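In UniProt numbering, the protein residues as written are 1 to 341.
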């Protein structure tokens, strides 16, 4: 876990900004109301005070978290946090005092006469509020980090289930070819090398182009076993080739078609792959002319794919036609930050 305490996201800063503005305005309005002063001035003063404290806090904390604290022992962190949190409130109050004078905003008499004392008080108050917000952000980051680790762990587990199966099929094809044509075996060995190199990349996502290129190598290797009876037709627009898809997603469906689809009445197993795009999602279809699918229940491989699609791309897989086996992969918004290393 790398310094979760120092990670403050944009949405956290927005939340902190809203809190600073809200509480400054509420306290200011309450103070002005007690002495029956115009509330417009109270709102302006409170908004300026909250904004100024937030700007100093964001500047100091960002600089601390990025450039100072990572280089220091943790025993110094609290000391520096206290100092800079105090300075945020103290300097923010002083800046608000001077801005109100420039903008001719009415200030409470006690504040005007003792603004340095108020600045010291608000400086200490800012530290205590910052300490509470720090704990909130830390807990939020830990929860999100734990969830991300869990997803990453699941993804790695699913990926490890796939690789041995792919490798076994490819090696089996190559062994058969060695007994028939040594030159062709050498060519296929190069294809297998490229296939494995692409398969072993750490990214959990592939571009559609890379996925299809590796699929072609896989089918070429499988055609050694099936005497070129597998016909792969790919009809996908070039504009789609940069789209991201989970690794092995299309290949798994092709492998499934080869494993279950061969029909004695057909001389060839024809596999058609095409894609469509609608307003929300990107859809990939894998169809074959093999045996009809006699169950809607997914086996281990398709269940595996279903999980990876959900984790990586908020996607799904569905059986569109059981008589002419057609599966649809729906790709939503892919999360490229999850790695399957």
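Glycine included, C-beta positions come from ideal geometry on N, C-alpha and C. Since the model is a prediction, treat every value here as computed from it, not as a measurement.
Check: Rounded straight-line distance, which links the Cα of residue 139 to that of residue 309; Outcome: 29 Å
Check: Touching by the beta-carbon criterion (3+ pairs, under 8 Å), the region 203-211 and the region 221-228; Outcome: no
Check: Residue 240 versus 276, 187 and 246, residue with shortest Cα-Cα distance; Outcome: 276
Check: Reduced DSSP secondary structure (H/G/I, E/B, other) of residue 70; Outcome: helix
Check: 9 Å Cβ cutoff met for residue 8 and residue 101; Outcome: no
Check: Integer Cβ distance of residue 326 from residue 283, believed to fall under 8 Å; Outcome: The Cβ separation is near 11 Å, so there is no contact.
Check: Residue 270 - partner residues in DSSP beta bridges; Outcome: 231
Check: Where residue 250 falls: helix, strand or coil (DSSP); Outcome: helix
Check: Range of the contiguous alpha helix (DSSP H) that encloses residue 320; Outcome: Per DSSP, residue 320 belongs to no alpha helix (DSSP H); it is in the beta strand (DSSP E), 316-321.
Check: Cβ pair count under 8 Å reaching 3, the region 45-53 against the region 15-28; Outcome: yes
Check: Residue range of the alpha helix (DSSP H) that includes residue 306; Outcome: 300-313
Check: Cβ separation of residue 261 and residue 269, assumed to be a contact under 8 Å, to the nearest whole Å; Outcome: 6 Å
Check: Three-state secondary structure assigned by DSSP to residue 126; Outcome: helix
Check: Residues near residue 246 in its chain [Cβ-Cβ closer than 7 Å; skip 5 each side]; Outcome: 204, 205, 308, 309, 312 and 313
Check: C-alpha distance - residue 294 paired with residue 267, whole-angstrom precision; Outcome: 21 Å
Check: Spatially closest choice to residue 343 from 87, 259 and 93, by CA coordinates; Outcome: A question about residue 343 goes unanswered here, because the residues of the chain that appear run from 1 up to 341.
Check: Sequence-distant residues of its chain with Cβ nearer than 6 Å to residue 318 (five each side left out); Outcome: 328
Check: Reduced DSSP category for residue 343 - H, G, I as helix; E, B as strand; rest coil; Outcome: Past the boundaries of the shown model lies residue 343; the chain is included only from 1 to 341, so the question cannot be answered.
Check: Classification of residue 84 by the beta-carbon crowding that lies within 10 angstroms, buried from 16 upward; Outcome: buried
Check: Whether residue 288 touches residue 250 by CB criterion (9 Å); Outcome: no
Check: Opening and closing residue of the beta strand (DSSP E) in which residue 216 lies; Outcome: First-last for residue 216: 208-225, but that is the alpha helix (DSSP H), not the beta strand (DSSP E).
Check: Bridge-paired residues (DSSP) for residue 277; Outcome: 282
Check: Contact set for residue 91: own chain, Cβ-Cβ below 6 Å, skip 5 residues either direction; Outcome: 56
Check: Given residue 291 as reference, the closest of 264, 58 and 27 once Cα atoms are compared; Outcome: 264
Check: Environment of residue 14 [buried if 16+ CB atoms lie within 10 Å]; Outcome: exposed
Check: Buried or exposed by the 16-neighbour rule on C-beta atoms within 10 Å, applied to residue 234; Outcome: exposed
Check: Residue 128 vs residue 96 beta-carbon contact at 9 Å; Outcome: no
Check: Strand pairing of residue 244, partner residues [DSSP]; Outcome: 207
Check: Integer-rounded CB distance, given that residue 221 should sit under 8 Å from residue 188; Outcome: 6 Å
Check: 8 Å CB neighbourhood of residue 296 in its chain, flanking five on each side removed; Outcome: 319 and 322
Check: Span of the alpha helix (DSSP H) around residue 324; Outcome: Run containing residue 324: none; DSSP gives neither H nor E here.
Check: In DSSP terms, what residue 355 is bridged to; Outcome: As shown, the chain starts at 1 and ends at 341. That puts residue 355 outside it, with no answer to give.
Check: Rounded Cβ spacing between residue 214 and residue 195 (contact assumed at less than 8 Å); Outcome: 6 Å
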